[in-house]
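What follows is a set of notes on a single structure, which appears directly below.
Protein chains: 2
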Amino acid sequence: MSEISPRRRVDDHNEELRAADGRVPGRRGRATRQRLLACTRDMLTSTSYRDVKVIDIAREAGTSPATFYQYFADVEAATLVVAEEMAQHGQHLRVIITEGSWAEGEAMATALDLVDAFLAFWDDHRSVLRVVDLATDEGDGRFQKIRVRLLNDITTALADVVREAQKGHRIPTVIDPMAEAGVLVAMLAHTATHQYGFEFWGIRTAKLRQSMARHVSWGVTGIIPPD
Amino acid sequence: MSEISPRRRVDDHNEELRAADGRVPGRRGRATRQRLLACTRDMLTSTSYRDVKVIDIAREAGTSPATFYQYFADVEAATLVVAEEMAQHGQHLRVIITEGSWAEGEAMATALDLVDAFLAFWDDHRSVLRVVDLATDEGDGRFQKIRVRLLNDITTALADVVREAQKGHRIPTVIDPMAEAGVLVAMLAHTATHQYGFEFWGIRTAKLRQSMARHVSWGVTGIIPPD
DNA sequence: GCCAGAATCTGACGGCGTGTCAGGGATTGT
DNA sequence: ACAATCCCTGACACGCCGTCAGATTCTGGC
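Structure representation (structure tokens):
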């Protein structure tokens, strides 16, 4: 049938994009693709994951289901791209850890910055993050990869701070820096995900923020924060 | 059409069970219902949540889709019952907190017991728990209720320990006991959920266990655990 | 054991979403 | 203006959903 075009140049973005039939999409095609991605993101926030239908995304984007399949194999494939974009935006969290001061008297403030950034980021991307979490947990390697890309930088950055504290003998060496950092990230991620649930049963976010920052600060420096 | 039977006696279980047409199911009916529930549980563990179909559950249970709808409105309704059963089984986690000793020198051991019980419980029920998490996060009140029933007892039990430590001035009173307990439970829950993910990228469960127990122990008693 | 009546199950059907073509518009370069 | 290329969609076969009416199985009284 249709032979693969020998022209494989992509002078456009970073990746080699392909439509279902092997074409390299042009300007109009890429615009449609972006529109579909945006609508996927919207559907994800307004609809239960189980009920996100190709036909709805297409309708919302003012196009037909067949067009959707030109660019994505299924809803999951589109979601994957949306998740990838989100992970890109998460890189700034790392900077807070590496640039901030973890010295005595300043660690708590840095920890609070980190907590705030976490809560804000999770709030902005909650709908995508919950799907990433679910799919990762179900063993989907592609989503797991994204989740790792997002969290690994943060975890290793925190682990570095732990190692520093271990050099100063403020944290026992039996503690594994990566495990310690991972546990802290887990705490941040889960609390951020269920922020609203906590509020719902009477716990104020301000108080959560304080408890979290306290654990982060102590966990990575070994110094008990001042009251 | 069919009037509701005036016989409302239920001398059987705790709840008033009704089939789709208002009947009170007898022995055979209840057995079928249980079979469908078991198969729902199985499908949930072997299939991505999005892809759990009524037709598959029915086939697995050796019956027809129409029979499924006799007992449940949809897959979600059956999942809800499965989740409720799971929450019942989680009550034993509370006992570890209330019965265990949080005295200096013993708190770390109690914390380790709690962590182990958490990891084991989450491992047993991972597939149901991830759906509960997703649905809760999507704003489904029924699943949220179950989640609360499961976690609230644990959280309040931990909060009580925190309050005790505050009386002894080992934890500053600016800390909100429920917030502190909630954060610790979040840490336990999230780490337990993604246990395999951690292993996958080189962090041993034994080390996670240690870091978590350390945070729990310090968080509720204010005492830095011995190395 | 037999039968009426209740309890339970299921075949069949209309409706809707999926995923795939082939073919028809739209856009671009010349 | 006219190809050549790019992009979109109508139409279709398939599969699952959710609901009946009616068939099948069970139960208690005789």
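Keeping their order, the protein sequence lines are chains G and F. This note's numbering applies: residue 1 is where the first sequence begins, and numbers increase by one. This note's numbering applies: residue 1001 is where the second sequence begins, and numbers increase by one. All C-beta atoms in this analysis are idealised placements derived from N, C-alpha and C, irrespective of residue type, glycine included.
{"Query": "If we count the other Cβ atoms within 10 Å of its Cβ and call it buried at 16 or more, is arginine 1041 of chain F buried or exposed?", "Result": "buried"}
{"Query": "Kindly provide the ranges of any beta strand (DSSP E) runs that are 3 or more residues long and lie completely inside the region 128 to 166 of chain G, ordered along the chain.", "Result": "none"}
{"Query": "Within a Cβ cutoff of 8 Å, which residues of the same chain sit near valine 115 of chain G, ignoring the five residues on either side of it in sequence?", "Result": "Leu188, Arg209, Met212, Ala213 and Val216"}
{"Query": "Does any residue of chain G bring its CB to less than 8 Å from the CB of valine 1174 of chain F?", "Result": "yes"}
{"Query": "Do you know offhand how far phenylalanine 121 of chain G's Cα is from alanine 31 of chain G's?", "Result": "27 Å"}
{"Query": "Which stretch, first to last residue, makes up the alpha helix (DSSP H) that contains aspartate 123 of chain G?", "Result": "107 to 124"}
{"Query": "Looking at the unbroken alpha helix (DSSP H) that takes in arginine 1059 of chain F, where does it start and where does it end?", "Result": "1054 to 1060"}
{"Query": "Which whole runs of the alpha helix (DSSP H) in the region 1061 to 1099 of chain F are 4 residues long or more, in chain order?", "Result": "1065 to 1071, 1075 to 1089 and 1092 to 1099"}
{"Query": "From isoleucine 1055 of chain F to serine 64 of chain G, what does the alpha carbon distance come to, in whole angstroms?", "Result": "28 Å"}
{"Query": "On the DSSP letters alone, give me the boundaries of the alpha helix (DSSP H) that glycine 219 of chain G sits inside.", "Result": "205 to 221"}
{"Query": "Which whole-angstrom value describes the C-beta separation of proline 25 of chain G and methionine 108 of chain G, a residue pair presumed to lie in contact below a C-beta threshold of 8 Å?", "Result": "At roughly 50 Å, the Cβ-Cβ gap does not stay under 8 Å, so proline 25 of chain G and methionine 108 of chain G are not in contact."}
{"Query": "For asparagine 1014 of chain F, which residues in the same chain have their Cβ closer than 8 Å to its Cβ, ignoring the five residues on either side in sequence?", "Result": "Model confidence at asparagine 1014 of chain F stands at a pLDDT of 40, short of 50, so the residue's coordinates are unreliable; what they give is reported in the following sentence. Nothing meets the Cβ criterion."}
{"Query": "What three-state label does DSSP hand asparagine 104 of chain G in the structure shown?", "Result": "Strictly speaking, residue 104 of chain G in this sequence is glutamate, with asparagine absent from that position. It is coil, neither helix nor strand."}
{"Query": "So leucine 36 of chain G packs on alanine 78 of chain G, CB below 8 Å; how close in whole Å?", "Result": "7 Å"}
{"Query": "At a CB distance below 8 Å, what residues from the region 192 to 207 of chain G approach chain F? Give them in sequence order.", "Result": "Thr193, His194, Gly197, Phe198, Phe200, Trp201, Gly202, Ile203, Arg204 and Lys207"}
{"Query": "Quick check on alanine 1073 of chain F - is its C-beta less than 8 Å from some C-beta in chain G?", "Result": "no"}
{"Query": "Measuring only between beta-carbons, confirm whether glutamate 1111 of chain F sits less than 8 Å from chain G.", "Result": "Contrary to the premise, residue 1111 of chain F reads as alanine rather than glutamate in this sequence. No, its Cβ sits nowhere closer than 8 Å to a Cβ of chain G."}
{"Query": "Does threonine 40 of chain G come within less than 8 Å of chain F when only Cβ atoms are used?", "Result": "no"}
{"Query": "From G:Ala83, G:Leu184 and G:Ala165, pick the residue whose C-alpha is nearest to that of glycine 222 of chain G; which is it?", "Result": "G:Ala165"}
{"Query": "Where does the unbroken alpha helix (DSSP H) through proline 177 of chain G begin, and where does it stop?", "Result": "177 to 193"}
{"Query": "Cutting at 6 Å between CB atoms, please list the residues of its own chain near glutamate 60 of chain G, excluding the five before and the five after it.", "Result": "Cys39"}
{"Query": "With a threshold of 6 Å on Cβ separation, who are the neighbours of phenylalanine 1072 of chain F within its own chain once the five nearest residues in sequence on each side are excluded?", "Result": "Ala1078"}
{"Query": "At a CB distance below 7 Å, what residues from the region 1091 to 1107 of chain F approach chain G? Give them in sequence order.", "Result": "none"}
{"Query": "Buried or exposed for serine 1005 of chain F, please, with buried defined as at least 16 other CB atoms from any protein chain shown within 10 angstroms of its CB.", "Result": "For serine 1005 of chain F, the predicted model reports a pLDDT of 35, less than 50, meaning its position is unreliable and no value from the coordinates is stated."}
{"Query": "Are the CB atoms of alanine 186 of chain G and lysine 1207 of chain F nearer to each other than 8 Å?", "Result": "no"}
{"Query": "Report yes or no: do three or more beta-carbon pairs, one from the region 1187 to 1202 of chain F and one from the region 1094 to 1109 of chain F, lie closer than 8 Å?", "Result": "no"}
{"Query": "Between serine 127 of chain G and methionine 43 of chain G, what straight-line distance do the alpha-carbon atoms span, to the nearest angstrom?", "Result": "9 Å"}
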